[in-house]
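The structure appears right after this line, and notes come after that.
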Amino acid sequence: MDLNLLKLILQIVLAITGIAVILLVLLHRGKGGGLSDMFGGGVSSSASASGVAERNLDRLTVTLAVVFGAAAVGLGVLERFM
1241 MDLNLLKLIL QIVLAITGIA VILLVLLHRG KGGGLSDMFG GGVSSSASAS GVAERNLDRL
1301 TVTLAVVFGA AAVGLGVLER FM
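The structure is reproduced here in structure tokens:
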């Protein structure tokens, strides 16, 4: 595989996962005591996410953060040896 193509793919993956991680973090329910209280996130209601949905959101966020980190490291290694 051409190294320029691999670099382009890693840059696209890095951009997409970066935006996705930001959006997923913003979807998390505020636990209180932070900036989420300022914007009304600290108000608990019965319509809040269930435990299963929150755990799945946590898993997806962590998975995408790991992919983001791997893409960043891969791009750094590729830049170093290219």
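Using the working numbering, read the sequence shown as starting at 1241 and increasing by one per residue. For glycine and all other residues, C-beta sits at the position ideal for the given N, C-alpha and C.
Could you please give the first and the last residue of the uninterrupted alpha helix (DSSP H) stretch that includes ARG1269? Counted from its first residue, the sequence shown places residue 1269 at position 29. Unbroken run through ARG1269: none, as it is neither H nor E.
In terms of residue numbering, what span does the alpha helix (DSSP H) encompassing ASP1298 cover? Locating residue 1298 in the sequence shown gives position 58, where the first residue counts as 1. Taken as a continuous stretch (DSSP letters only), the alpha helix (DSSP H) holding ASP1298 covers 1291 to 1321.
For ASP1298, tell me which candidate among ALA1311, PHE1321, GLY1270, MET1322 has the shortest Cα-Cα distance. Position 58 of the sequence shown, counted from the first residue, corresponds to residue 1298. With distances taken between Cα atoms, ASP1298 lies closest to GLY1270.
Can you say whether LEU1250 is buried or exposed, counting buried as having 16 or more other CB atoms within 10 angstroms of its CB? As a position in the sequence shown, residue 1250 is number 10, starting the count at 1. It is buried - the Cβ of LEU1250 has at least 16 other Cβ atoms within 10 Å.
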